[in-house]
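Step one of this worksheet: look at the structure below.
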Amino acid sequence: MSALRTGPAGPNATKSPQPHSVYLHVPFCAVRCAYCDFNTYAGLEALMPEYVSALCREVELVGASAPEKLLVHTVFLGGGTPSLLPVSAVKKILDAVNTAFELLPDCELTLEANPGTVDFEQLAGLRAAGINRISFGVQSANAHELQLLDRLHTFAQAQTAVHNARRAGFARLSLDVMFGLPYQTLPEWQHTLHAVLALNPDHLSVYALILEHGTPMQAAVTKGQLPLPDSDLAADMYEWASATLTQNGWVQYEISNWARPPTAPHSPTQECRHNLQYWRNLPYLGFGAGAHGFAGGARYSNALAPQAFIKRMRAARPSAFPASPACVQRTEVSAAVEMSDTMLMGMRLTHEGVSARNFESRFGTSLEAQFGAKLRALQARGLVDWTGERARITPGGRLLANMVFTEFI
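First residue of the sequence shown? That's 8 in this note's numbering, and the numbers climb one at a time after it.
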């Protein structure tokens with residue numbers, strides 16, 4: 008049972024026309040993975056108490072600066088490794104969110120966790136604190152691949168973590184896996200996916216390795232210490248995974264994400280509602296070091312380094328919603344840019360795509376008038392399905408998604 012207060016259902020609960028999402032960045036890691044270019048830091052655990060206090064202060068100030076008490080329907084603690092925080096710190100953060108905003112009764116509250124950093128007691132504590140969705144970064148079932156990625160856990164630990172999460176009461180459980188790794192063969196990838204499916208998760212994020220500039224893995228490939236992953240083989244891995252998941256009853260709703268269908272007509276969806284907020288280009292508030300947000304007609308970003316974030320929050324200078332004293336960049340979003348962003352993000356949604364009706368309702372202009380020519384050109388190339396009522400990326404287009412996205416930048 009969630010310890011969080013949630014607002015009443017019904018018309019009196021509507022204090023904001025569009026529910027917001029809340030992202031909370033926890034930048035701490037035990038070890039920084041070889042492929043990671045996220046805003047994460049190893050060896051700064053001593054900063055955790057001060058950082059959590061600064062994070063809660065930011066939530067408080069932004070909530071107070073909003074024109075009205077905002078409704079929130081998803082909360083996501085990401086990183087980094089949020090599971091490195093003690094349960095008491097997570098509860099403190101959630102209490103701050105619950106005070107600053109009004110959480111809807113069915114609010115989705117997700118925490119990312121490393122399978123090697125959680126035990127049953129911690130998972131039970133997180134569930135009691137209000138977290139109702141857990142996401143484990145499993146990445147691979149093969150020991151040599153986990154070592155290549157600098158992951159600290161074993162697959163046996165991942166199995167134990169999933170078992171403990173179910174025991175702790177988590178009815179919504181997501182797993183991340185990666186393909187297209189250096190040296191990875193198709194049978195090795197098949198072993199990983201079959202092993203992960205045997206854990207009976209509710210949601211899967213299936214990511215191709217991207218060699219990000221400045222990461223140790225990218226440097227190793229550049230120096231010839233690791234082979235460049237085979238892009239054709241990676242495409243085969245993706246298509247095999249897509250077919251296998253479909254055959255096993257999974258529903259793909261985004262280029263890299265699959266969900267189990269609801270078990271009953273009115274049971275909750277297993278899609279990640281928080282990420283759907285991003286892909287629908289709807290408002291979200293970002294808190295913490297390096298966090299980004301989109302609300303009040305503006306995009307903004309915070310200071311990257313945890314120390315700089317803490318310092319700025321100590322100063323607590325007044326700032327205009329949605330930014331906080333930690334904000335280092337704020338950009339007003341024009342209607343033209345917002346329309347382009349809506350297309351760029353919406354094209355990731357493999358089933359939903361972009362609805363012409365929703366687009367016109369939101370922007371007061373038709374999808375055909377704004378992007379019809381581009382959509383027809385992409386359709387002629389077999390990359391997009393455009394019916395006049397809905398635009399969606401095709402199965403073939405998913406393998407060439409960047410070619411589709413660049414048309415809307």
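The C-beta atom is built at its ideal place from N, Cα and C for all residues, glycine as well. The structure displayed is predicted, hence computed values, not measured ones.
query: With a CB to CB cut of under 6 Å and the five nearest residues on each side skipped, what residues in its chain are close to VAL79?; result: HIS27, VAL29, PHE108 and LEU110
query: Quick check: the Cα distance between THR270 and ASN365, rounded to an integer number of angstroms?; result: 28 Å
query: Using three-state DSSP, classify ILE141 as helix, strand or coil.; result: strand
query: Could you tell me whether the region 28-46 touches the region 74-89, using the rule of 3 or more Cβ pairs below 8 Å?; result: yes
query: Whose CA, out of GLY176, LYS98, ARG321 and ASN309, lies closest to the CA of GLU57?; result: ARG321
query: Could you tell me the distance, in whole angstroms, from the CA atom of VAL95 to the CA atom of VAL125?; result: The question names Val, but residue 95 in the sequence shown is Ser. Rounded to the nearest angstrom, the two C-alpha atoms are 14 Å apart.
query: Less than 6 Å between C-beta atoms, sequence neighbours within five positions excluded: which residues of the same chain meet that for MET354?; result: ILE400 and VAL411
query: Is the beta carbon of LEU159 less than 9 Å from the beta carbon of LEU188?; result: no
query: Find the nearest neighbour of SER3 within the set PHE127, GLY379 and PRO122, judged by alpha-carbon distance.; result: Residue 3 falls outside the range modelled here, since the chain spans only 8 to 416, and no answer is possible.
query: Going along the chain, which unbroken runs of the alpha helix (DSSP H) with 4 or more residues stay wholly within the region 146-203?; result: 150-155 and 162-174
query: State the DSSP-derived secondary structure class of ILE400, mapped to helix, strand or coil.; result: strand
query: Alpha carbon to alpha carbon, what distance is there between GLN191 and LEU240?; result: 9 Å
query: Please classify HIS27: does DSSP put it in a helix, a strand, or coil?; result: strand
query: What did DSSP end up calling LEU406 once you bin it into helix, strand or coil?; result: coil
query: Relative to the C-alpha of LEU283, which residue among ALA61, THR81 and SER60 is closest?; result: THR81
query: Are three or more beta carbon pairs between the region 192-210 and the region 239-257 nearer than 8 Å?; result: yes
query: How should ILE141 be labelled, buried or exposed, when 16 other C-beta atoms within 10 angstroms of its C-beta is the threshold for buried?; result: buried
query: With DSSP run on the structure shown, which of helix, strand or coil describes ALA250?; result: helix
query: Quick check for students: name the residue ranges of the beta strand (DSSP E) that lie wholly in the region 233-280, counting only runs of 3 or more.; result: 258-261 and 264-266
query: Determine the direct distance from the alpha carbon of ALA305 to that of ALA342, and round the result to whole angstroms.; result: 11 Å
query: Between LEU385 and the rest of its own chain, which residues show a CB-CB distance below 8 Å, the 5 nearest in sequence each way excluded?; result: VAL391, TRP393, GLY404, VAL411 and GLU414
query: Does the beta-carbon of GLN164 have 16 or more other beta-carbons within 10 angstroms, so that it is buried, or is it exposed?; result: buried
query: Hey, how far is the Cα of ALA408 from the Cα of LEU374?; result: 20 Å
query: Take the Cβ of GLU1 as the centre, count every other Cβ of all protein chains shown within 10 Å, and call the residue buried at 16 or more, exposed below.; result: Nothing can be reported for residue 1, as the shown portion of the chain is limited to 8 through 416.
query: With three or more beta-carbon pairs closer than 8 Å as the criterion, would you say the region 58-66 touches the region 311-320?; result: yes
query: Look at LEU328 and ALA73 and say whether their C-beta atoms are less than 9 Å apart.; result: The question names Leu, yet the displayed sequence has Phe at residue 328. Yes, they are a contact pair.
query: In whole angstroms, what is the alpha-carbon distance linking VAL213 and MET185?; result: 6 Å
query: Tell whether a beta-carbon distance below 9 Å holds between VAL104 and SER331.; result: no
query: Return the Cβ separation of HIS220 and SER181 in integer angstroms, given the expectation that the two are a contact with Cβ distance under 8 Å.; result: Contact doesn't hold; Cβ gap of about 28 Å is too wide.
query: To the nearest angstrom, how far is the alpha carbon of ASP102 from that of PHE378?; result: 43 Å
query: Return the chain-ordered list of same chain residues with a C-beta closer than 7 Å to the C-beta of ALA227, the five sequence neighbours on each side being excluded.; result: LEU233
query: Express the C-alpha separation of PRO290 and SER362 in angstroms, rounding to a whole number.; result: 18 Å
query: Closest by CA to PHE45, which one among ARG174, LEU218 and ALA178?; result: LEU218
query: Given this structure, state the Cα-to-Cα distance separating GLY14 from THR106, to the nearest angstrom.; result: Interpretation of GLY14 is limited by its pLDDT of 43, a score under 50 that renders its predicted location unreliable; the figure taken from the coordinates is listed afterwards. Cα to Cα, GLY14 sits roughly 11 Å from THR106.
query: Please list the terminal residues of the continuous alpha helix (DSSP H) segment that includes LEU374.; result: 374-387
query: Can you tell me where the beta strand (DSSP E) holding THR338 begins and where it ends?; result: 334-339
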